[in-house]
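What follows is a single structure, written as structure tokens, with notes after it.
4 protein chains.
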Amino acid sequence: MMKYMTANETFRKIPEEKQNKIIEAALHEFAQYGYSEANINKIAERANISVGSLYKYFNDKQNLYQTIVDISTETLKTVLGQIVSEEDDLFEIIEKIIRAIQKHARLHENMFKLYNEMTAENNSELTWKTAGSVEGVTAELYAALIGKAQKQCVAGKEFDPRYFAFFLDNLFVLLQFSYSCEYYKERLKMYVGESAIHDDELMCAQLLKFIKGAFC
Amino acid sequence: MMKYMTANETFRKIPEEKQNKIIEAALHEFAQYGYSEANINKIAERANISVGSLYKYFNDKQNLYQTIVDISTETLKTVLGQIVSEEDDLFEIIEKIIRAIQKHARLHENMFKLYNEMTAENNSELTWKTAGSVEGVTAELYAALIGKAQKQCVAGKEFDPRYFAFFLDNLFVLLQFSYSCEYYKERLKMYVGESAIHDDELMCAQLLKFIKGAFC
Amino acid sequence: MMKYMTANETFRKIPEEKQNKIIEAALHEFAQYGYSEANINKIAERANISVGSLYKYFNDKQNLYQTIVDISTETLKTVLGQIVSEEDDLFEIIEKIIRAIQKHARLHENMFKLYNEMTAENNSELTWKTAGSVEGVTAELYAALIGKAQKQCVAGKEFDPRYFAFFLDNLFVLLQFSYSCEYYKERLKMYVGESAIHDDELMCAQLLKFIKGAFC
Amino acid sequence: MMKYMTANETFRKIPEEKQNKIIEAALHEFAQYGYSEANINKIAERANISVGSLYKYFNDKQNLYQTIVDISTETLKTVLGQIVSEEDDLFEIIEKIIRAIQKHARLHENMFKLYNEMTAENNSELTWKTAGSVEGVTAELYAALIGKAQKQCVAGKEFDPRYFAFFLDNLFVLLQFSYSCEYYKERLKMYVGESAIHDDELMCAQLLKFIKGAFC
DNA sequence: CATGAATGAGGATTCATTCAT
DNA sequence: TATGAATGAATCCTCATTCAT
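Chains as they are written, first to last, in my numbering: chain A, 1 to 216; chain B, 1 to 216; chain C, 1 to 216; chain D, 1 to 216.
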């Protein structure tokens, strides 16, 4: 797949290291301050390039933002994609997803912050067009999982798999935010105490139990 | 409790109808455009008062925003508070909560939009200080519920009530967003189809089933 | 007629003296540097107001420019209108026009500079829409004059009055530029010598002779 | 005469075809957008060379503009020069000039647009230094013509030949603009109707009649 | 107390010009 | 000599905030 599709050709020609520095700078700024309070000049400064160059690579602020969002969602897709591909037991997969979230939400904190910010925006059509593709991937993934679930659980309840996939994802989305966004970090602390953010094992075990119960 | 605590004294002295008009105007603008793109002058215009007056009532933009957030969270607290006070069967209460969310997320759409926007902000300390109080209320509420749950379900699993309360609230938070915020509306549609947003009965039934499974 | 029609209402409410200062400042800047090199901040400075205020009065640079052009053409219309209204002999009227040009081209030098600049622009449709109305006025005026001319000159030649009105105006337009625009001032000097610019009597006499010859 | 005097030596060494392509590109851009809105990078692109090269040939934007103006005026000079050289009857020469204007104003539309734009500029000294030379040529030409006129017309009026040369040129200058510049095209239409721009015969006949009358 | 005109710092964007390759 | 990516000063415009009336 073509990398950085929304960026100008010029951008794709520059050294990858430089590209990454720019992306990192933009991601940092957008995740930190949100779209409208992000400062293009600061991004250029952080990336050690001139504003002029930034505008050679990206048509305008929107276009840079779009690109950052695309990259972030693409990254998330990739991470999740890897998990599903492996043929495991249903709850082993779910456990892997939880652990993947715990790892990546911290590693790519800014991406998840951005994701949260993005969903708060009001040009939903535009946002949905790009970010929605991640949801599409996860939706399919969970649909498959739930198919497994219904077979695996002998005493399987009769539930609508689409709804249950939705609930499952809801739990995952808020887990992501709870590890990456300040507000949700506080909220997590309030619910389960100061230590919760670092005790990944307990979180994983409890969430798994919650989900198992719901499905079987 | 003192109403509109962050507002200047002057604000509390003006007729309530005028107060409401101002709050409505501000809520509308902040929910629609987010904090930084919200326009103070437009708020004044919509409220049919002068900017000068607005600045007599509220020290600055932050302060007005703070007030709006306070009011919104206060409203949510009240709504939820009413539900808990009633002494019902565990799952009857949960059902009531779900139905309350479905009703209020639509009725006070702007408040929930604001709530979502708020959580994306980075001055988490400030935000948490006010918005966190809602979470406090719900946390207590859910703790009580889960106490009931563990008694009610004979074959009660051994789970950490704090974690389960957290998961429960996660499901509720995303349900709220799914009825009020554009992005999450789209996401809901994607998961369960176009009709989902209006078929409250099905959503309620499925979510109840999901939660019941998790708890018992 | 409503003054300064393209300006915002706010502008029409401020004291006339202030209005005039702003118009003068803008006229100066646009006439001096042309549209694109005119500096909005310098206009504000010259008018002793803030940029913010300028943007309250005029939506944007284009709008301010439009207004300046409108005012200038309106002024020209008025000047010419006064002359025609008087019922004189044909060549007395022409003489009056010439003298009016000599006087006003110097008095409102910037307006005529602007007019020249305007005609060099490439958004001809827009420009024509406003500036064309002056031409309309003069065209009618000259048509009337030429009607007189054809009757007055016994041995009147058979000519197309529309074409002759056109030629007449051409002579007037370049006379205006010759008194107000640097380039055309130089050109005039080259043709008739250094003194020409100040010897209004000679210019008037010669041009009158030229026109008389053409018409009779 | 040295071609392209203001350009660097480097420019004069490159193949003529390349030179022409560059000149055409610059003329197009300057005529279309005026000096300050003309875009150097777009000129380079249109000429199929790099900006770097353009700056090897011309010191800066001003210098390129200067060169374009020089070339344009040189071309006009040449065109007019050819007409005068022929020994004809006075009004046959004038007719030839009119027809030459009609032809060239359309053929070299951009040059005349540029000429109009140029005269609107305010660095009159610089502009006059180059463009004035065309005026010099025509002035001489017309002086000679008018000498003829005074002899040829038996009942010759006593007029100042310098003034009459000036008026004659004024008529020609505006005729040029009326065939090449958008604003003046509109103006012509308004005076003599839609068809005027294409009915060269009628224009020629009427203008000739006008001038004949003025001179004889 | 109410008003709303005035302020001006701040930020997105452009484009002539340079210079390393 | 040719290239075209990089530069950053310059400029339009917005909007939170103030203050004279």
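Cβ coordinates follow ideal geometry from the N, Cα and C atoms, glycine included. Note that the structure is a prediction, hence the values are computed from the model and not measured.
Would you mind telling me which residues of chain D sit closer than 8 Å to residue i, beta carbon to beta carbon, in chain order?
{"i": "tyrosine 65 (chain C)", "result": "The premise fails here: tyrosine 65 (chain C) is roughly 14 Å from chain D at the closest Cβ pair, so nothing lies under 8 Å."}
{"i": "serine 72 (chain C)", "result": "Under the 8 Å cutoff, chain D gives no residues; its nearest Cβ is about 14 Å from serine 72 (chain C)."}
{"i": "leucine 174 (chain C)", "result": "Asn170, Val173 and Leu174"}
Quick one: is residue i near chain D, going by C-beta distance under 9 Å?
{"i": "leucine 27 (chain C)", "result": "no"}
So which residues on chain C does residue i lean against when the C-beta distance must stay under 8 Å?
{"i": "cysteine 204 (chain D)", "result": "What cysteine 204 (chain D) touches in chain C: nothing, since even the nearest Cβ is about 11 Å away."}
{"i": "alanine 149 (chain D)", "result": "Under the 8 Å cutoff, chain C gives no residues; its nearest Cβ is about 11 Å from alanine 149 (chain D)."}
{"i": "alanine 139 (chain D)", "result": "Met190 and Tyr191"}
Tell me, please, whether the CB atom of residue i is closer than 9 Å to any CB atom in chain B?
{"i": "arginine 187 (chain A)", "result": "yes"}
{"i": "isoleucine 68 (chain A)", "result": "no"}
{"i": "valine 79 (chain A)", "result": "no"}
{"i": "alanine 131 (chain A)", "result": "yes"}
{"i": "phenylalanine 11 (chain A)", "result": "no"}
Would you identify the three-state DSSP class for residue i, choosing helix, strand or coil?
{"i": "glycine 147 (chain D)", "result": "helix"}
{"i": "proline 161 (chain A)", "result": "helix"}
{"i": "leucine 202 (chain D)", "result": "helix"}
{"i": "aspartate 89 (chain A)", "result": "coil"}
{"i": "glycine 193 (chain A)", "result": "coil"}
{"i": "histidine 108 (chain A)", "result": "coil"}
{"i": "isoleucine 49 (chain A)", "result": "coil"}
{"i": "phenylalanine 58 (chain B)", "result": "coil"}
{"i": "threonine 139 (chain A)", "result": "Note that residue 139 (chain A) corresponds to alanine in the displayed sequence, not to threonine. It is helical."}
{"i": "alanine 214 (chain B)", "result": "helix"}
{"i": "asparagine 41 (chain B)", "result": "helix"}
{"i": "methionine 2 (chain A)", "result": "Residue confidence is low: methionine 2 (chain A) scores 49 on pLDDT, short of 50, so the model does not pin down where it sits. No coordinate-derived value is stated."}
{"i": "alanine 131 (chain A)", "result": "helix"}
{"i": "glutamate 95 (chain D)", "result": "helix"}
{"i": "isoleucine 14 (chain A)", "result": "coil"}
{"i": "asparagine 170 (chain C)", "result": "helix"}
{"i": "glutamate 121 (chain B)", "result": "coil"}
{"i": "alanine 100 (chain C)", "result": "helix"}
{"i": "alanine 31 (chain D)", "result": "helix"}
{"i": "asparagine 20 (chain C)", "result": "helix"}
Are any of the Cβ atoms in chain C nearer than 9 Å to that of residue i?
{"i": "glutamate 135 (chain D)", "result": "yes"}
{"i": "alanine 214 (chain D)", "result": "yes"}
{"i": "asparagine 41 (chain D)", "result": "no"}
{"i": "lysine 103 (chain D)", "result": "no"}
{"i": "lysine 113 (chain D)", "result": "yes"}
{"i": "phenylalanine 177 (chain D)", "result": "yes"}
Is any beta-carbon of chain A found at less than 9 Å from that of residue i?
{"i": "methionine 118 (chain B)", "result": "yes"}
{"i": "glutamate 37 (chain B)", "result": "yes"}
{"i": "leucine 90 (chain B)", "result": "no"}
{"i": "methionine 1 (chain B)", "result": "Confidence at methionine 1 (chain B) is low in this model, with a pLDDT of 41, below 50, so the placement of that residue should be treated as unreliable; the coordinate-derived value is given next. So, not an interface residue."}
{"i": "asparagine 170 (chain B)", "result": "yes"}
What residues from chain A crowd round residue i, counting only those whose CB sits closer than 8 Å?
{"i": "aspartate 160 (chain B)", "result": "Val192, Leu202 and Gln206"}
{"i": "phenylalanine 210 (chain B)", "result": "Phe159, Tyr163, Phe164, Phe167 and Ala214"}
Below 7 Å on C-beta distance, what does residue i contact in chain D?
{"i": "lysine 61 (chain C)", "result": "Near lysine 61 (chain C) there are no residues of chain D at all, since even the closest Cβ is about 13 Å away, more than 7 Å."}
{"i": "threonine 250 (chain C)", "result": "The structure shown does not extend to residue 250 (chain C), since chain C is modelled only from 1 to 216, so the question has no answer here."}
Taking residue i as the query, report the chain A residues whose CB atoms sit under 9 Å from its CB, ordered along the chain.
{"i": "glutamine 32 (chain B)", "result": "Asn122"}
Please confirm whether any heavy atom of the ligand HEM lies closer than 8 Å to the CB of residue i.
{"i": "glutamate 92 (chain C)", "result": "No copy of the ligand HEM occurs in the structure displayed, which carries no ligand at all."}
*Taking 8 Å as the threshold, find out whether the region 15-34 of chain B comes into contact with the region 189-204 of chain A through three or more Cβ pairs.*
no
*Determine contact between the region 101-117 of chain B and the region 150-170 of chain B, defined as no fewer than three beta-carbon pairs at a distance below 8 Å.*
no
_Touch test, the region 65-78 of chain C against the region 26-33 of chain C, Cβ-Cβ under 8 Å, three pairs minimum_ = yes
*asked:* Does the structure place the region 168-182 of chain B close enough to the region 50-58 of chain B that three or more beta carbon pairs sit under 8 Å?
replied: no
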